[in-house]
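Notes follow once the structure below has been shown.
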Amino acid sequence: MTDKQGTTLISLLSMLILIVLVQAGARALSEQTWEYKIVGFKDLSLTSDLSAVGDQGWEMVSARRALVGEGKTSEGAYECIFKRRKSLFTNLGFREIPVAQP
């Protein structure tokens with residue numbers, strides 16, 4: 080095999096890999112997939128807790144107020160359901176590694 084044939088073969092293989100990756104990415108983007116999370120928040124910290132979850136990309140889809148505990152020891156809380164779109168890498172089957180917060 081000459082150098083020119085080797086270069087041509089490498090170019091063709093690179094183009095084929097690129098086409099496969101573009102098609103997989105387009106398919107993953109067209110499939111709207113979501114992940115869900117249910118979280119309970121106490122009344123006193125509701126605003127700051129909601130902001131923290133929102134900063135992570137979660138959108139609230141439902142909330143209900145409930146009392147936690149019994150009698151005089153009961154306190155108000157919210158049970159919230161959140162969703163966010165799965166990332167492209169998750170749709171392609173890769174697992175996301177959480178990043179430690181400072």
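Okay, so the sequence shown: first residue is 80 according to the numbering used here, each after it adds one.
For every residue, glycine included, the Cβ atom is placed at its ideal position computed from N, Cα and C.
Lys162 carries a strand assignment under DSSP once its states are collapsed to helix, strand and coil. The DSSP assignment places 113-121 and 138-147 as complete runs of the beta strand (DSSP E) inside the stretch 84-152, in order along the chain (cut-off: 3 residues).
The C-beta of Trp113 has fewer than 16 other C-beta atoms within 10 Å across all chains shown, which makes the residue exposed. By alpha-carbon distance to Ala142, the top candidate from Thr87, Lys121, Thr152 and Gln102 is Lys121. The shortest C-alpha to C-alpha distance from Gly119 to any of Val101, Met139, Thr81 and Lys151 is the one to Met139.
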